[in-house]
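Colleague:
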Amino acid sequence: MDTPSPRQVNRRAFLDVSLRSAGIGLCGLALTAIVSSCESDDRIVAPSPSTGDKVDVDVTTIPELNTVGGAVRKAFVPNNNSQPVIIIRTGEETFAVFSAVCTHQGTLINVPTNGSDRMICPRHEEEFLVSTGEPQTDTAPTPLQRYTTAYNPTTHILRITF
Ligand code: FES
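The letter at position 85 of the sequence shown is residue 100 when you use our numbering, and the numbering goes up by one with no holes.
Okay, structure coming up:
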């Protein structure tokens, strides 16, 4: 086998350094992509401003709302910027509808169960009152956004204005 010329050695060294740099660059890109995907999985949902969207909900089609104290979390895509709300039947003819987005860091709030007067955020356990949406500790800075509702007991239609 022939001994490589100095020019061939330089070319090999150049290619070696270039390929190693490219490998490091690709690893860096892969790491960036992985970190980005982790961040987006844990992304904070910003509360949606009022949109003026109106939706009519036939409450007889939602079993959770058939009894007083029942509640459900639901999104009406694309209304309300596709963000979910919590609907609570507070009386035979009264309902409360709140944004399901926690005002602390944007985690989705749990639906109150068994007629509880609290909606609990699973992330830092802030509790929001069903009656007002007010947080009960200093964790969340503001109440949950509450939406205007109108219920027609004859048609069982609940109109929500976002
Ligand atoms: S994100 Fe809800 S209490 Fe922190």
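Each residue gets a CB set at the ideal place from its N, CA and C atoms; glycine is no exception.
How would you write the range of the beta strand (DSSP E) that residue 143 sits in, first residue to last?
Modeller: One-based indexing of the sequence shown puts residue 143 at position 128. Note, residue 143: beta strand (DSSP E), 142-144.
Colleague: Quick check on DSSP: helix, strand or coil for residue 93?
Modeller: In the sequence shown, the residue the question calls residue 93 occupies position 78. In this structure, residue 93 counts as coil in the three-state DSSP scheme.
Colleague: In the DSSP output, what is residue 71 paired with across the bridge?
Modeller: The residue you call residue 71 lines up with position 56 of the sequence shown. Per DSSP, 174.
Colleague: How would you call residue 127, buried or exposed, if buried means at least 16 neighbouring beta carbons within 10 angstroms?
Modeller: To locate residue 127, count along the sequence shown from 1; it is residue 112. Per the 10 Å Cβ criterion, buried.
Colleague: Is there at least one non-hydrogen atom of the ligand FES closer than 7 angstroms to the beta-carbon of residue 149?
Modeller: Mapped onto the sequence shown, residue 149 falls at position 134. Because no heavy atom of the ligand FES lies under 7 angstroms away, the Cβ of residue 149 does not count as near it: no.
Colleague: Could you tell me the distance, in whole angstroms, from the CA atom of residue 107 to the CA atom of residue 144?
Modeller: Here the question's residue 107 lines up with position 92 in the sequence shown. Here the question's residue 144 lines up with position 129 in the sequence shown. It is roughly 19 angstroms from the alpha-carbon of residue 107 to the alpha-carbon of residue 144.
Colleague: Distance, Cα to Cα, residue 168 vs residue 71?
Modeller: Within the sequence shown, numbered from 1, the residue matching residue 168 stands at position 153. Within the sequence shown, numbered from 1, the residue matching residue 71 stands at position 56. Looking at the two C-alpha atoms, the distance is approximately 13 angstroms.
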